[in-house]
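**Student:**
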Amino acid sequence: MSLLRRFAAPAAAAAARSSFAPSVAGRSFAAKVTSPRPLSIRTDGLMIQCVVAALVYFVPQDAVFLGGLFWTWHNYGAKAAPKQKQADADAALEEFKAKKGLEHVKVSKGRSTWYVTV
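Quick note on numbering that gives the first Met the number 0: the sequence shown kicks off at 0 and runs consecutively.
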């Protein structure tokens with residue numbers, strides 16, 4: 000009996016190691032998640048329908064609000080530094096320098112607008 004156990008035990012242990020050990024080590028009950036993203040998005044699904052409904056509802060409101068906000072910012076800017084069309088830009092620049100008491104200014108001449116910096 001001991002002779003049988005002596006020769007049968009290593010063979011059984013080897014068989015158990017070869018068949019059982021890799022399956023336990025490689026077994027996983029959950030998929031590896033790299034980021035929380037859906038595997039597929041259907042265009043007739045609830046998520047897409049909710050996104051479309053939210054866009055239809057909120058975009059017009061946001062467009063009206065932001066349009067009014069930009070219009071207000073433009074008006075405040077136009078009141079703070081209004082533009083004036085000058086027939087002779089060089090004469091207007093000299094008049095501005097004399098009025099402000101400036102001698103050396105930097106003038107950036109654009110296509111239709113001149114910018115003066117001290």
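Beta carbons are placed, not taken as given, at the ideal position from N, Cα and C, and that holds for glycine. Note that the structure is a prediction, hence the values are computed from the model and not measured.
1. How is the beta strand (DSSP E) around K108 delimited, first residue to last?
2. Look at the alpha carbon of P81 and the alpha carbon of A97, and state the distance between them as a whole number of angstroms.
3. Mind checking which residues open and close the alpha helix (DSSP H) that includes V63?
4. I need the straight-line Cα distance from E94 to V63, nearest angstrom please.
5. Quick one: measure Cβ to Cβ for V117 and V106, integer angstroms, because I've assumed they're closer than 8 Å.
**Tutor:** Let's see:
1. 105-108 is the span of the beta strand (DSSP E), which, as asked, contains K108.
2. Roughly 20 Å separates the two Cα atoms.
3. Where V63 is concerned, the enclosing alpha helix (DSSP H) stretches over 45-79.
4. Computed Cα separation, rounded: 43 Å.
5. Taking the Cβ atoms as the reference, V117 lies roughly 11 Å from V106, outside the contact range of under 8 Å.
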